[in-house]
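K.L.:
For what it's worth, the working numbering labels the leading residue of the sequence shown as 300, then goes sequentially. No residue lacks a Cβ here, since even glycine has one placed at the ideal position from N, Cα and C.
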Amino acid sequence: MLSSLFTYHDEPMHLTAFFARSLRICLLLILSCFVFAVQAAWYPADVIADGQKTLYTPLTKANQAWRICALLPHGKDQYWWGVAFGLSQEAERQGVTLGIYDAGGYDKIEQQKQQLHDCYALKAQAYIIAANTADGLIADIEQLSAAGIPVIDLVNGIATDKLTSRSLVSFEDMSVAATEYIAAQQREAINQESPKLKVAWFPGPKGASWVMAAEQGFRQAAAKQEFDTIEGGYGTTELFVQADLVRKVLAKQSVDYVIANAVAATFAARFLDGRRNQTGKVIAFYSNAQTIELVQKKQLLATVSDSPVLQARIAIDLAVRALEGSPYPRRVSPVIKVISQDNIHQIDLEQILAPENQWMIHQDLPSVNDAR
300 MLSSLFTYHD EPMHLTAFFA RSLRICLLLI LSCFVFAVQA AWYPADVIAD GQKTLYTPLT
360 KANQAWRICA LLPHGKDQYW WGVAFGLSQE AERQGVTLGI YDAGGYDKIE QQKQQLHDCY
420 ALKAQAYIIA ANTADGLIAD IEQLSAAGIP VIDLVNGIAT DKLTSRSLVS FEDMSVAATE
480 YIAAQQREAI NQESPKLKVA WFPGPKGASW VMAAEQGFRQ AAAKQEFDTI EGGYGTTELF
540 VQADLVRKVL AKQSVDYVIA NAVAATFAAR FLDGRRNQTG KVIAFYSNAQ TIELVQKKQL
600 LATVSDSPVL QARIAIDLAV RALEGSPYPR RVSPVIKVIS QDNIHQIDLE QILAPENQWM
660 IHQDLPSVND AR
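Shown next, in the form of structure tokens:
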């Protein structure tokens, strides 16, 4: 057999092809191992599960290609790009079928409701929902719960106990962390006779569950620190909306600090950087790629992270566990991190951001006949 394969005239060509093919196979094997290692690297992860600090480890793989529907409020900024990326990656790793939909904005409550109904028509077996509002989908969620269909609350918070589990971080705790951080920064610099700190507050879209939680935390912490709060007003987290709110406040008066949603914080940091008579410092009470970059450039004091990519990965695992009858916690929260110049090089940014050049992922849940 060998002699027939490697004849004198054909030997150089066959040997070259043989070794080239062998090299390709070896490279593919090495690459596949590398890709698996990268995808597996997110766990075990530091979390608070049902009130206890622990390490979270997901299932190795789902038992079958469960049909899961993920509903997000929008895909207009990199926070939600990271969430969509985390959902997609963990669904692929576990071998489940996933649809990812965004409503187009926090004001598109009816659109999100319609997307839920569309997923139901496509026979979704579990739902992961980052809700536009705390109460907009409660009736639908309660119907799903009554039918035994798992529903995972992701990131934003939903005001019902008819949920299977939650993968989220308290925005109340995040705004408290931001407020306490600037208080700690000033504790040594300001004596007891110094005037109150003037702090501008830009929460985000009115009525969103995460905004209400963030406001509660900020106001309690600000009252404790006796801040003089300047109200920035509400608005969707689109750049032009938040930029308008920031300009209206910061163009008229000086502040010591700005605590804001990530979009407003990004604009405020750049706005203040270009004004010589303004010395205010900015902290974001949640993170995206822009706030991380501005911390690296020393233009942003700090940014608080809830690890959205990690939350999304955990949400997929919670849905699969519920579908397969595996044990699962009722609430999982990545440990909150305040990212500053002091610690940014120790932070695992893959838990926070999608890879560079990764845009929003949209993918329809295939019909049952087309499903793999």
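Secondary structure at V603, three-state DSSP: helix, strand or coil?
P.N.:
Here the question's residue 603 lines up with position 304 in the sequence shown. Residue state, collapsed to three classes: strand.
K.L.:
Kindly indicate which three-state DSSP category L538 falls into: helix, strand or coil?
P.N.:
Locating residue 538 in the sequence shown gives position 239, counting from the first residue. Here L538 sits in helix by DSSP.
K.L.:
When DSSP builds the beta bridges, which residues end up paired with Q598?
P.N.:
Numbered from 1 along the sequence shown, position 299 holds the residue referred to as residue 598. According to DSSP, Q598 bridges with nothing at all.
K.L.:
Among residues of its own chain, excluding the 5 on either side of F384, which ones have a beta-carbon nearer than 8 angstroms to its beta-carbon?
P.N.:
By 1-based counting over the sequence shown, the position of residue 384 is 85. Closer than 8 angstroms at the Cβ level, and outside the excluded window around F384, lie V608, A611, A653, P654, Q657, I660.
K.L.:
According to DSSP, is S666 part of a helix, a strand, or is it coil?
P.N.:
As a first step, residue 666 must be located in the sequence shown, where it is residue number 367. Coil, per DSSP.
K.L.:
When you compare only the Cα positions, how much space is there between R518 and D641?
P.N.:
Your numbering for residue 518 matches position 219 in the sequence shown. Your numbering for residue 641 matches position 342 in the sequence shown. In a straight line, the C-alpha of R518 is about 27 angstroms away from that of D641.
K.L.:
With a cut-off of 8 angstroms, do at least 3 Cβ pairs link the segment 502-516 to the segment 430-444?
P.N.:
yes
K.L.:
Given this structure, state the Cα-to-Cα distance separating N587 from Q411, to the nearest angstrom.
P.N.:
Walking along the sequence shown from the start, residue 587 turns up at place 288. Walking along the sequence shown from the start, residue 411 turns up at place 112. Going by the C-alpha atoms only, they are around 23 angstroms apart.
K.L.:
In chain order, what residues of the same chain lie with their CB nearer than 6 angstroms to the CB of G350, ignoring the 5 residues before and after it?
P.N.:
If you number the sequence shown from 1, residue 350 lands on position 51. Taken in chain order, the list of residues that qualify is empty.
K.L.:
Enumerated in chain order, which unbroken segments of the beta strand (DSSP E) with a length of 3 residues or greater are wholly contained in the segment 444-503?
P.N.:
Counting whole runs of 3 or more residues, the segment 444-503 contains the beta strand (DSSP E) stretches 450-453, 464-466, 497-501.
K.L.:
Taking 7 angstroms as the limit between beta carbons, can you name the residues of its chain near E479, skipping five residues before and five after?
P.N.:
Against the sequence shown, residue 479 aligns to sequence position 180. Result list for E479: A520, in chain order.
K.L.:
Which stretch, first to last residue, makes up the alpha helix (DSSP H) that contains G381?
P.N.:
Indexing the sequence shown from 1 puts residue 381 at position 82. Its alpha helix (DSSP H) spans residues 377-393.
K.L.:
Using DSSP with H/G/I as helix, E/B as strand and the rest coil, what is D289?
P.N.:
This structure cannot speak to residue 289, because the chain is shown only from 300 to 671.
K.L.:
Can you tell me whether K580 is buried or exposed, with buried defined as 16 or more other CB within 10 angstroms of its CB?
P.N.:
Position 281 of the sequence shown holds residue 580. Flag for K580 reads buried.
K.L.:
Is it a yes or a no for the segment 369-377 touching the segment 396-405, going by three-plus beta-carbon pairs under 8 angstroms?
P.N.:
Result yes; three or more Cβ-Cβ pairs closer than 8 angstroms.
K.L.:
Since I believe I558 is in contact with V619 (beta carbons under 8 angstroms), could you give me their beta-carbon distance rounded to a whole number of angstroms?
P.N.:
Looking up residue 619 in the sequence shown gives position 320. Looking up residue 558 in the sequence shown gives position 259. Contact flag wrong, Cβ pair sits at about 37 angstroms.
K.L.:
Along the chain, where does the beta strand (DSSP E) containing R366 start, and where does it finish?
P.N.:
Reading the sequence shown from its first residue, position 67 is the one you call residue 366. Taken as a continuous stretch (DSSP letters only), the beta strand (DSSP E) holding R366 covers 366-371.
K.L.:
Could you pull out every residue in the same chain whose Cβ sits closer than 6 angstroms to the Cβ of I367, ignoring the five residues on either side in sequence?
P.N.:
Residue mapping note: residue 367 aligns to position 68 of the sequence shown, counting from 1. Here the set comprises V395, L397, A425, A618.
K.L.:
Mind reading off the beta-carbon distance from A614 to L453? Whole number of angstroms is fine, and I expect it under 8 angstroms.
P.N.:
In the sequence shown, the residue the question calls residue 614 occupies position 315. In the sequence shown, the residue the question calls residue 453 occupies position 154. With 8 angstroms as the limit, A614 and L453 qualify as a contact, their Cβ atoms being about 5 angstroms apart.
K.L.:
Less than 8 angstroms between the beta carbons of A340 and Y355, yes or no?
P.N.:
The residue labelled residue 340 in the question sits at position 41 within the sequence shown. The residue labelled residue 355 in the question sits at position 56 within the sequence shown. Between A340 and Y355, the CB-CB gap reaches or exceeds 8 angstroms.
K.L.:
Taking only three categories from DSSP, how would you classify K580?
P.N.:
Indexing the sequence shown from 1 puts residue 580 at position 281. DSSP places K580 in strand when its eight states are reduced to three.
K.L.:
Which same chain residues, not among the five before or five after Q515, have their C-beta less than 7 angstroms away from its C-beta?
P.N.:
Along the sequence shown, one-based indexing puts residue 515 at 216. Closer than 7 angstroms at the Cβ level, and outside the excluded window around Q515, lie E471.
K.L.:
With 16 other CB atoms within 10 Å as the buried threshold, where does K523 fall?
P.N.:
By one-based count along the sequence shown, residue 523 stands at place 224. So K523 ends up on the exposed side.
K.L.:
So, using beta-carbon positions, are Q589 and N560 closer together than 8 angstroms?
P.N.:
In the sequence shown, the residue the question calls residue 589 occupies position 290. In the sequence shown, the residue the question calls residue 560 occupies position 261. Contact: no.
K.L.:
Would you kindly work out how many angstroms separate the C-alpha atoms of C325 and A483, rounded to a whole number?
P.N.:
Along the sequence shown, read from residue 1 onward, the residue named residue 325 stands at position 26. Along the sequence shown, read from residue 1 onward, the residue named residue 483 stands at position 184. Note that C325 has pLDDT 44, beneath the 50 cutoff, so the model's placement of it is unreliable and no number is given.
K.L.:
The alpha helix (DSSP H) with E409 in it runs from where to where?
P.N.:
Residue 409 sits at position 110 when you count from the first residue of the sequence shown. Element bounds for E409: 408-420.
K.L.:
Just verifying my parser: in three-state terms, what is the DSSP assignment at G532?
P.N.:
Translated into positions along the sequence shown, residue 532 becomes position 233. It is coil, neither helix nor strand.
K.L.:
Using 8 angstroms as the threshold, is the C-beta distance between Y627 and S464 below it?
P.N.:
As a position in the sequence shown, residue 627 is number 328, starting the count at 1. As a position in the sequence shown, residue 464 is number 165, starting the count at 1. Yes, they are a contact pair.
K.L.:
In chain order, what residues of the same chain lie with their CB nearer than 7 angstroms to the CB of D555, ignoring the 5 residues before and after it?
P.N.:
The residue given as residue 555 occupies position 256 in the sequence shown. So the list reads L496, K497, V498, G579, once near-sequence residues are dropped.
K.L.:
Are there 16 or more other CB atoms within 10 angstroms of the CB of S553, so buried, or fewer, so exposed?
P.N.:
By 1-based counting over the sequence shown, the position of residue 553 is 254. It counts as exposed.
K.L.:
Whole angstroms are fine: how far does the CA of A364 sit from the CA of V667?
P.N.:
In the sequence shown, the residue the question calls residue 667 occupies position 368. In the sequence shown, the residue the question calls residue 364 occupies position 65. Roughly 11 angstroms separates the two Cα atoms.
K.L.:
Among A420, V475, A361, whose alpha-carbon lies nearest the alpha-carbon of E623?
P.N.:
Start at 1 with the first residue of the sequence shown, and residue 623 comes out as number 324. Considering only alpha carbons, the answer is A361.
K.L.:
Figure out for me which residue from D376, E391, I638, W379 has the closest Cα to the Cα of D616.
P.N.:
Reading the sequence shown from its first residue, position 317 is the one you call residue 616. Selected option, being the one with the closest Cα: E391.
K.L.:
Might you give, ordered along the chain, the residues of its own chain that have their beta carbon closer than 8 angstroms to the beta carbon of T315, omitting 5 neighbours on each side?
P.N.:
Your numbering for residue 315 matches position 16 in the sequence shown. Reliability of the predicted coordinates at T315 is poor, the pLDDT of 47 falling under 50, and no value is obtained from them.
K.L.:
Could you give the residue range of the alpha helix (DSSP H) that holds K523?
P.N.:
Looking up residue 523 in the sequence shown gives position 224. Element bounds for K523: 508-524.
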